[in-house]
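Residue numbers (full-length UniProt numbering), protein chains in the order written: chain A, 1 to 360; chain B, 1 to 360. First up is the structure itself, then whatever we jot down about it.
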């Protein structure tokens, strides 16, 4: 794969009051010696395409309601300033032709496809977001998930699990929120962390000198990747699976929780840092919600009566998914109350809901 | 303009090891009764376009280095689930044809153009960002700038000046940062705010019972819009241009600063909330930098020897622009020192640099 052969898109759209003069724009493409094709649209406005040199391709549409869209596809090694000039010329000509009767002009940043490093990681609420990612630091497939650590200029390294941005080195705000936003005292306490393979929570809780932290993370590959590449998050805490006041069990948390229930173990704090609440709001995905409820149910059983259970929820915009999650809380074998907090986690580029749950 | 006639784009790209079987994909478009045009590309891969019903248009490119891109244009009132099915069918067929020899498949969220409400506001460092904006609350043109207040589901109302996201109701972090991040005591102090028309800084400083705040904002239209629509930010502070310990001068700050210099006025805190450091890193835009330096120079002259001057800088990623700004600080008539802090302002979707400046 030739890394030079990437693809760019420049997108331009205009809102005009009159579309009649637009064919005059064609002369600009003709000057560029582009080959024109006019397409029959069956009454859906004017549509022409132009093929030029070096793989350039332009789609010009004049929609019946006054919207003009111009898309330009080109390769990364193309002459970008020449192309900017072409777009500028189009903009100038349109303005002149339409005598200022343009409501709005919008030129979007180029959308790059086929690049070695993928910069587009949509938010949980489905918005198109371009990250400032400039490198893939680590990539492995485990039996459970695809694990990537990507480098962002502003956020540092970012852990991406199955395409979801999990945590960046900039995201102490996430760790603080899922620990109760500085309002808890972990000194001398029994703490259980479910998941948390990036080591962020473990590293922060350890500082408060708890009696014992047990962290149950299913994937050694996540731990290994983060140990090497997320050190601003985990420090040296993942270098050993055991320390003065912590132990990391590389296991599925469900059988561990079941064993603890049987043994009558109790924890003062349980921090669930497993995968997010399902994004889907379709409850026919029964198994996901059932899995979530199973974890919750088992956890609440090993939670001290005055203990607290912390977990991340979802994007604040996904109100349906949040409501469904809260409905699950009403279905636990032991009745619970909860509160929630909206937190800005820098690398998420969307506000995130965190839950605190306790026994009634 | 018909609000139903909006435009969507669905973007799909594949990385494949072999492109030979791709023409087999064509049958899917033929089944959809789309009219095909194959374009001559002079050795730049395979390029076909398809015009379908309801204004649908597909661009299929098979690039010589194994990248396949499929772009689908359609109108918002089109049958979106039918189109999703088409894209799913293409994905399935490609996977089958290529026997799993696909390195990566990426389907991006639709890019919407021509909508009444524009959701795309690129970051200062030029990245494509889709906001969750669902309404235009306020729009006016002043002699100085275009003023918009847009509603975001998660951030509340957002003030956008000349297309730049200025401040959202979620952005107390901005106000706290430009006030010195909670490390200053404004009680009994003389405070000067340059700009700040959204009232956020004024509302926060007033709480600390300073001796007097003078705010100099050039645009009454900004004040008026924010007074109505940014009340989570400004509270009722903008309802009156004068209060117990503050006054708002609706004036250009340069003559005001010059007058203060002449009068020998001194301020304990000066907060510059004027427009951002120019994004451009081309110092040939002399006038912008000179304007910036003029403001700085005048401000430092009215700054108490033990006083502090706070200002926002720029995106942390725009290191060249930041360096140029810091060079200006070395050129002031009075020598100064400075420190900087990187802050996450929720609605910016990029980390932002704030400066503290003081007399040496």
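All C-beta atoms, glycine included, are put in the ideal place defined by N, C-alpha and C.
What are the residues that DSSP puts in a beta bridge with residue 29 of chain B?
According to DSSP, residue 29 of chain B bridges with nothing at all.
Output yes or no for whether 8 Å exceeds the beta carbon distance between residue 179 of chain A and residue 291 of chain A.
no
Could you tell me the boundaries of the alpha helix (DSSP H) in which residue 177 of chain B lies?
Looking at the DSSP string, the run of the alpha helix (DSSP H) that includes residue 177 of chain B is 172-178.
In chain B, which residues lie with their C-beta within 7 Å of the C-beta of residue 310 of chain A?
The premise fails here: residue 310 of chain A is roughly 21 Å from chain B at the closest Cβ pair, so nothing lies under 7 Å.
Cβ of residue 164 of chain B less than 8 Å from any chain A Cβ?
no
Sort out for me which residues DSSP pairs residue 312 of chain A with in a bridge.
Note: residue 312 of chain A sits in a beta bridge opposite A/354.
Between residue 229 of chain A and residue 149 of chain A, which are expected to be in contact by the criterion C-beta below 8 Å, what is the C-beta distance as a whole number of angstroms?
So it is a contact: roughly 5 Å between Cβ atoms.
Give the DSSP-derived three-state secondary structure of residue 359 of chain A in the structure shown.
Residue state, collapsed to three classes: strand.
Would you call the segment 109-120 of chain A and the segment 181-191 of chain A touching, i.e. three or more CB-CB distances under 8 Å?
no
May I have the straight-line CA-CA distance separating residue 67 of chain B from residue 57 of chain A, to the nearest angstrom?
16 Å
Shorter than 8 Å from the beta carbon of residue 54 of chain A to some beta carbon of chain B?
yes
Report buried or exposed for residue 334 of chain A, applying the criterion of at least 16 other Cβ atoms within 10 angstroms of its Cβ.
exposed
Is there a Cβ from chain A that is less than 8 Å from the Cβ of residue 255 of chain B?
So, not an interface residue.
Quick check: residue 193 of chain A and residue 271 of chain A, are their CB atoms within less than 8 Å of each other?
yes
Taking buried to mean at least 16 other C-beta atoms within 10 Å of its own C-beta, is residue 312 of chain A buried or exposed?
Classification for residue 312 of chain A: buried.
Near-chain A residues of the segment 22-45 of chain B - C-beta to any C-beta below 9 Å
Those residues of the segment 22-45 of chain B placed with their C-beta closer than 9 Å to a C-beta in chain A are 35, 37, 39, 40, 41, 42, 43, 44 and 45, ordered along the chain.
Report all residues from its chain with a CB closer than 6 Å to the CB of residue 352 of chain B; omit the five preceding and five following residues, and keep chain order.
343 and 345
Nearest candidate by alpha-carbon position, reference residue 156 of chain B, set A/338, A/316, A/337 and A/325:
Considering only A/338, A/316, A/337 and A/325, the residue with the shortest C-alpha distance to residue 156 of chain B is A/316.
Is any beta-carbon of chain A found at less than 8 Å from that of residue 241 of chain B?
Taking Cβ atoms only, chain A never reaches closer than 8 Å to residue 241 of chain B, which makes this a no.
Under 6 Å Cβ to Cβ from residue 357 of chain A, same chain only, skipping five residues before and after it: list those, please.
309, 336 and 338
For residue 255 of chain B, does the three-state DSSP call read helix, strand or coil?
Of the three classes helix, strand and coil, the one that applies to residue 255 of chain B here is helix, per DSSP.
Taking 8 Å as the CB-CB cut-off, is residue 74 of chain B touching chain A?
At a cut-off of 8 Å between beta carbons, residue 74 of chain B makes no contact with chain A.
With DSSP as the reference, identify every bridge partner of residue 146 of chain B, one or two as the case may be.
B/141
If the cut is a Cβ gap below 8 Å, which residues of chain B does residue 130 of chain A touch?
127, 128 and 129
Inter-residue spacing [alpha-carbon to alpha-carbon] between residue 27 of chain A and residue 302 of chain B
58 Å
To the nearest angstrom, how far is it from the Cα of residue 197 of chain A to the Cα of residue 65 of chain A?
53 Å
Can you list the residues of chain E that residue 95 of chain B reaches, using a CB-CB cut of under 9 Å?
Going by chain labels, chain E is absent from the structure shown, which instead holds the protein chains A and B.
I need the DSSP call for residue 374 of chain B, collapsed to helix, strand or coil.
An answer regarding residue 374 of chain B cannot be provided, because it is not within the stretch 1 to 360 covered by chain B.
Residue 220 of chain B versus residue 137 of chain B: straight-line alpha-carbon distance, rounded:
17 Å
Residue 215 of chain A - containing beta strand (DSSP E), residue span:
Looking at the DSSP string, the run of the beta strand (DSSP E) that includes residue 215 of chain A is 212-216.
Hey, residue 202 of chain A and residue 223 of chain A are a contact pair by Cβ (cut 8 Å); roughly how many whole angstroms apart?
About 10 Å separates the two Cβ atoms, so there is no contact after all.
Go ahead and pull the three-state DSSP assignment for residue 115 of chain A.
Secondary structure of residue 115 of chain A (DSSP, three-state): coil.
Chain-order list of residues whose beta-carbon lies under 8 Å from that of residue 5 of chain A (same chain, five-residue window excluded):
Unreliable positioning characterises residue 5 of chain A in this predicted model, as indicated by a pLDDT of 37, which lies under 50. The coordinate reading is nonetheless provided below. Result list for residue 5 of chain A: 75, 76, 77 and 114, in chain order.
Listing by chain order, which chain A residues have their CB less than 8 Å from the CB of residue 160 of chain B?
The premise fails here: residue 160 of chain B is roughly 13 Å from chain A at the closest Cβ pair, so nothing lies under 8 Å.
Continuous beta strand (DSSP E) stretch holding residue 155 of chain B: start and end:
No beta strand (DSSP E) holds residue 155 of chain B; DSSP gives it neither H nor E.
Assuming residue 140 of chain B and residue 147 of chain B make a contact with CB atoms under 8 Å, what is their CB distance in whole Å?
Yes, residue 140 of chain B and residue 147 of chain B are in contact; Cβ-Cβ is about 5 Å, under 8 Å.
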